[in-house]
């Protein structure tokens, strides 16, 4: 077992509360013994509540509520207690939290109503909770509850026939503010105090043009409440206009704040002593008190694309590599370069001995280490921010915001994603590394791309490029150009092919005959395309096959392009070899459809996307998603929910050619394709799966383990021996010789297999693995509401000496052996000389 201090030496974790455009901020001073005088800020987001200290960026406490609509927070009030209203139409829960520690103090349900939750508003005054429901063309229902007990105190209605079905209303303190559009096209802004009785109710209404003046605000105007004790709203155009107006709602009528709010300011809360907390559209939380104290990047809770890249070599190693780029200078020139590089090495060694490690010319130690464990994490977020993160320290090295950038939306799974391609790594000195981020413009919906240096975040000469078409599919070329740069193929919605950058077009022309693309639709239609050249040497795509599954597709998963298959077969107990069915063009298609008999049908299709042939398929009855799938080498592992037994199951498939390996280099149109032998087995997992990923190493020699993220916040490392579909019910001597264990239906989750130990990770969205310089070690990044980085060694660290290795003992032994061999040599020579004289 490892100590906690040893664990922290190679893993990092960052907490977030997430921002999704619906975040609200409240500030208060806590008068409790252990937090006396410390100001705290309460943040709410979609299904999350959290508290920060304003003196630091530490998270005091955090609660993640239920998934889906049941965990959506509709109302939050901060006073002596933190009160939240969350849930959906069927169940609305009022909860009270301790603001100092986040402890749940009480909870009670609100009575069900026939009105939509979106039309219901709440307001807190002392110990009373006011529920306000506008009824179109009639009245406003106001119900008062005791917030601590849930008892109904009173109920009354206020006439409001001016509220239409299309009115947009919000409640700020006791004022109900609505924006309505009349039949003649005028926009009216109305305010009603719901605390007044039916006799005292006063309504204030005025055309918006008279109130604000000539503005670009049109009929799409919307209003947003300003959290806090001050009754105020922000008026903005829903279509995305930059102008935002702050309006104070007073008893004498609304008053316009003289200053127009910035485009990047979505919520403003003003508290005593003139301190402000601003939540910007860039998804950063700042605290100002005369100067910037801290910044938290909450955008990291919505990562949609991530890659790990090797760091560049040091200046010394770069100078050595540069010698081989000057062969044309002759012997004298190469000799001068060699002397200069050795002088740099000598200076670096002296500086290292003197303790000055920062004199190497590269700040922050961003230099490739000996074992390739130090890398940079490049992450793109849903808010359009790019980050460069040090994987060892978790420090944000650089960040860049892309204007009008929004991720693609997977209609089958509702997952947001961007595409991040590594076009050139650091292994091609002197050319710098280069990445390309593919996303869509939030205004037009058309594709855009951003080319940048992953170690500085600076754009290249192309920089941000707005494409004039919608992106249907993209692919990275498998061959680089003369500058070691790999191009990107883009297929638009009109089936036209584009190559970017233009310098890689020649490579695309050369490999067009061996390049294929495929697209998958949500209706279950897969289409394969081949690249061809027109007579005028233009790239074209030709449809070569189409597959209709006739079931809605929920996921399409291919193999990791970075993986390497080390062994082509599996040695059995009788010393024979079972050869793997390794097809790099094989993808797994997951479909789900309702069934009148079995309720649900979940199907898995293995499709060769070059020929369009279905290699294998399996149907699970009374099973449904979410499905998490890992596809690697010759095996497939996926999780599903068994609706019949109400449990999570994990299914493993292995594909083999048989005991005779086929010749894949020789093609014959006469012979039919090989039909693989499929071994399959299902297991019970006593937990809910959030994400799955396989470990990956540089050469593929190390055994593969499956990393499974659980809803409980743990990440389990499952060895392949547990998921082996060849596990028999009765173990034979041959199976024991092969290393197979007997079949048990339930997969164990031992505590020592949880790689994040006591660091609970909430709302995990994905797991990213990357090879290191050590064949035994795989780097792991778990992202979601939290960020967690660590490294795992599936086959143990067979290529690294242990930390407790006794260097002194081995030195003594080697020295003794050296002396013994020298003495033995002398004695042997003397003995041979004596024998020669006899």
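In UniProt numbering, the protein residues as written are 1 to 838. Idealized CB from N, CA, C, for every residue including glycine. None of the values given here were measured: they were computed from a predicted structure.
For residue i, three-class secondary structure by DSSP
{"i": "residue 801", "result": "coil"}
{"i": "residue 551", "result": "coil"}
{"i": "residue 245", "result": "strand"}
{"i": "residue 462", "result": "strand"}
{"i": "residue 58", "result": "coil"}
{"i": "residue 563", "result": "coil"}
{"i": "residue 686", "result": "coil"}
{"i": "residue 483", "result": "coil"}
{"i": "residue 831", "result": "helix"}
{"i": "residue 297", "result": "strand"}
{"i": "residue 226", "result": "coil"}
{"i": "residue 807", "result": "helix"}
{"i": "residue 472", "result": "strand"}
{"i": "residue 762", "result": "coil"}
{"i": "residue 77", "result": "strand"}
{"i": "residue 583", "result": "coil"}
{"i": "residue 345", "result": "helix"}
{"i": "residue 840", "result": "Any answer about residue 840 is impossible in this case: the structure gives the chain only from 1 up to 838."}
{"i": "residue 146", "result": "strand"}
{"i": "residue 493", "result": "coil"}
In DSSP terms, what residue i is bridged to
{"i": "residue 14", "result": "787"}
{"i": "residue 778", "result": "771, 792"}
{"i": "residue 204", "result": "191"}
{"i": "residue 303", "result": "381"}
{"i": "residue 532", "result": "540"}
{"i": "residue 410", "result": "415"}
{"i": "residue 692", "result": "708"}
{"i": "residue 437", "result": "420, 450"}
{"i": "residue 638", "result": "629, 651"}
{"i": "residue 159", "result": "139"}
{"i": "residue 255", "result": "248"}
{"i": "residue 728", "result": "DSSP, once it has assigned bridges, lists no residue as partnering residue 728."}
{"i": "residue 151", "result": "According to DSSP, which records beta bridges pairwise, residue 151 is partnered with nothing at all."}
Cβ pair residue i, residue j closer than 9 angstroms
{"i": "residue 160", "j": "residue 135", "result": "yes"}
{"i": "residue 118", "j": "residue 131", "result": "no"}
{"i": "residue 377", "j": "residue 308", "result": "yes"}
{"i": "residue 709", "j": "residue 767", "result": "yes"}
{"i": "residue 481", "j": "residue 507", "result": "yes"}
{"i": "residue 705", "j": "residue 685", "result": "no"}
{"i": "residue 416", "j": "residue 299", "result": "no"}
{"i": "residue 589", "j": "residue 520", "result": "yes"}
{"i": "residue 604", "j": "residue 628", "result": "no"}
{"i": "residue 695", "j": "residue 769", "result": "yes"}
{"i": "residue 725", "j": "residue 661", "result": "no"}
{"i": "residue 692", "j": "residue 782", "result": "no"}
{"i": "residue 474", "j": "residue 437", "result": "no"}
{"i": "residue 511", "j": "residue 490", "result": "no"}
{"i": "residue 63", "j": "residue 97", "result": "yes"}
{"i": "residue 168", "j": "residue 158", "result": "no"}
{"i": "residue 121", "j": "residue 176", "result": "yes"}
{"i": "residue 526", "j": "residue 516", "result": "no"}
Cut-off 8 angstroms between Cβ atoms - residues of its own chain near residue i, not counting five sequence neighbours on either side
{"i": "residue 90", "result": "112"}
{"i": "residue 70", "result": "86, 87, 88, 91"}
{"i": "residue 485", "result": "423, 424, 431, 434, 501, 503, 504"}
{"i": "residue 840", "result": "The question about residue 840 has no answer, for the chain in this structure spans 1 to 838."}
{"i": "residue 617", "result": "603, 604, 605, 606"}
Cut-off 6 angstroms between Cβ atoms - residues of its own chain near residue i, not counting five sequence neighbours on either side
{"i": "residue 426", "result": "310, 312, 433"}
{"i": "residue 581", "result": "634, 655, 656, 657, 676"}
{"i": "residue 631", "result": "557, 559, 588"}
Cβ-based neighbour list, residue i, same chain, cut-off 7 angstroms, excluding 5 preceding and 5 following
{"i": "residue 713", "result": "760, 761, 762"}
{"i": "residue 93", "result": "86, 87, 107, 109"}
{"i": "residue 458", "result": "452"}
{"i": "residue 5", "result": "Residue placement at residue 5 is poorly supported in this model, since its pLDDT is 48, which falls under 50; the coordinates are not used for a value here."}
9 angstroms Cβ cutoff, residue i in contact with chain B
{"i": "residue 622", "result": "The structure shown contains no chain B, having only a single protein chain."}
**OP:** Give a yes or no on contact between the region 734-752 and the region 676-694, applying the rule of three or more CB pairs nearer than 8 angstroms.
**Re:** Yes: at least three Cβ pairs fall under 8 angstroms.
Original post:
Does the pairing of the region 563-581 with the region 538-552 give three or more beta-carbon distances under 8 angstroms?
Top reply: Taking 8 angstroms as the limit for Cβ pairs, the verdict is that the region 538-552 does not touch the region 563-581.
**OP:** Check whether the region 771-781 touches the region 795-814, counting contact only when three or more Cβ pairs, one atom from each stretch, lie closer than 8 angstroms.
**Re:** The answer is yes - the region 795-814 touches the region 771-781, with three or more Cβ pairs under 8 angstroms.
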